[in-house]
Structure formats: structure tokens, C-alpha cells
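The structure appears right after this line, and notes come after that.
Numbering (the numbering used here), first residue to last: 3 to 243.
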């Protein structure tokens, strides 16, 4: 009888966990992944294509816009980073997150682990604020970023905040080159972070994608370079909050 009660309690608890986020995430988020975010741990998913995005339509207006943006991007390389944080004690999370994301100079020196070289490098060796303009509900920023091995590129960043929702979105404004080959054209590399309240919790949802060709002999290296950089940036921001 005692064993039955334990099994029943475990099943009941899992059902609560599963149903708690069923309206936030779709079936692309597995049971084990739901358990990971329920523990407050950071979940990193390499999904490659927009059809595997796990954020559910209808969660919030900014979320729906984000899904449309990434479907339009039609990326060949795509990753998601998700974390749940309690609302209590973090009531000012949107304000802290906005300040962190708008501080462009701090992007330089974010530690990035290179699988190929088996050592840490800077994610961005330099990050310079070019311009900043206040908008109706946020900021529009242009930055100059140096990201090896792709070199220097210009980045457009928008930060929008409404009530208990914040959306950070960035895209490249010029081509990126890899070993003498143009691999990313203007507007084809995006990185975004969405923060929204879901009951007693905040949901941090990061996504980044690149519409770049799969080049023989270089695909794996390009894939690793882009995906790991997306993971590294989102993970850094999440851990700082």
C-alpha cells in the first residue's frame, strides 16, 4: 500500500509538472526536458529547423511574433535555451534583464569553450556601441561586434518591454565570412531572448538561428561555431540574472 502511494504521488507530481507547461510549450519539448526546466536548470536544445521550435503559439504576443520571425528566417542551424525562475524574489527581472542586455560593452570577453581547440576563447573579442535610440516601449541599438572566426560585423538590436514581457532581438547587418567564403548574408543570423511571466514563474526562452548553406567539408565546423555561440550567449545572460 505504501509503495502504491509513492507511485501515485510520483505520477501525480509529474502530471502537475507536465500540465503546468503544456500551454507554454508544445510536444517538441520532451518529458525529460520538462523535468529539467521544472528543476530550474538551464535546458539547451539543438533543433536545426523552425518546425521543431517548442514554444507554443498563443503564449503571448511577443512569443507569436518570435515564432513567425524564425519561420521566415528558415534557419539551417537553430538552437533553443530555456530556464524557469520563480517570480517571487525576482519581481524586477525584466528591468535587470533590460539593463544587462543593453550594456553592449559587457558582451566582450564572455568566455566561450571551443570544442575544436579544447580551450576557452572570447565569444566576442570586442563589442562597441555605435548608436542607441529610445523607442516607444524600449530601445533600438546598433553595435559593432568582432566574433572570430567570422570577423567584424554590425548588429541591430531591439529591446521591447511591455508589462511583464520583454523581448530582445538581434540580427546581422552585413555578410559574415568563414575562411574566405561568404556563409551568412545580411539579416540571416538572429539571436533572441523572450522573458514572460507564467503564473508563479518567469520563463526565459532564448533562441538563435542562422540561414547559412551547408558547405561540404565545412558544415560541421560552421554548425559547431554558430550553435555553440548561440548557447554561450543565452546561457551567459540566464546565469547573470
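Glycine is no exception: its CB is placed at the ideal position from the N, C-alpha and C atoms.
Contacting residues, own chain, Cβ-Cβ under 8 Å from residue i (five flanking each side not counted)
| i | result |
| --- | --- |
| residue 151 | 180, 181 and 227 |
| residue 118 | 223 and 226 |
| residue 107 | 129, 130 and 131 |
Which of helix, strand or coil DSSP assigns to residue i
| i | result |
| --- | --- |
| residue 183 | strand |
| residue 226 | helix |
| residue 2 | Lying before the first or after the last residue shown, residue 2 is absent from the chain, which here runs from 3 to 243. |
| residue 32 | coil |
| residue 170 | strand |
| residue 142 | strand |
Straight-line gap, residue i to residue j (C-alpha atoms, nearest Å)
| i | j | result |
| --- | --- | --- |
| residue 239 | residue 164 | 20 Å |
| residue 71 | residue 77 | 10 Å |
| residue 111 | residue 131 | 15 Å |
| residue 174 | residue 161 | 15 Å |
| residue 59 | residue 69 | 8 Å |
| residue 128 | residue 116 | 17 Å |
| residue 54 | residue 30 | 6 Å |
| residue 159 | residue 33 | 34 Å |
| residue 44 | residue 147 | 26 Å |
| residue 63 | residue 103 | 21 Å |
| residue 114 | residue 120 | 10 Å |
| residue 80 | residue 123 | 22 Å |
| residue 109 | residue 25 | 33 Å |
| residue 241 | residue 216 | 32 Å |
| residue 2 | residue 137 | This structure cannot speak to residue 2, because the chain is shown only from 3 to 243. |
Short Cβ contact (8 Å threshold) for residue i with residue j
| i | j | result |
| --- | --- | --- |
| residue 156 | residue 190 | no |
| residue 40 | residue 86 | yes |
| residue 48 | residue 229 | yes |
| residue 75 | residue 65 | no |
Close Cβ partners of residue i (< 6 Å) along its chain, the five nearest in sequence each way excluded
| i | result |
| --- | --- |
| residue 177 | 184 and 187 |
| residue 135 | 142 |
| residue 169 | 64, 162 and 196 |
| residue 73 | 52 |
Residues near residue i by beta carbon distance below 7 Å, same chain, minus five either side
| i | result |
| --- | --- |
| residue 1 | Only positions 3 to 243 of the chain appear in this structure, which leaves residue 1 out of reach. |
Does the segment 191-207 come close enough to the segment 89-102 that 3 or more CB-CB pairs lie under 8 Å?
yes
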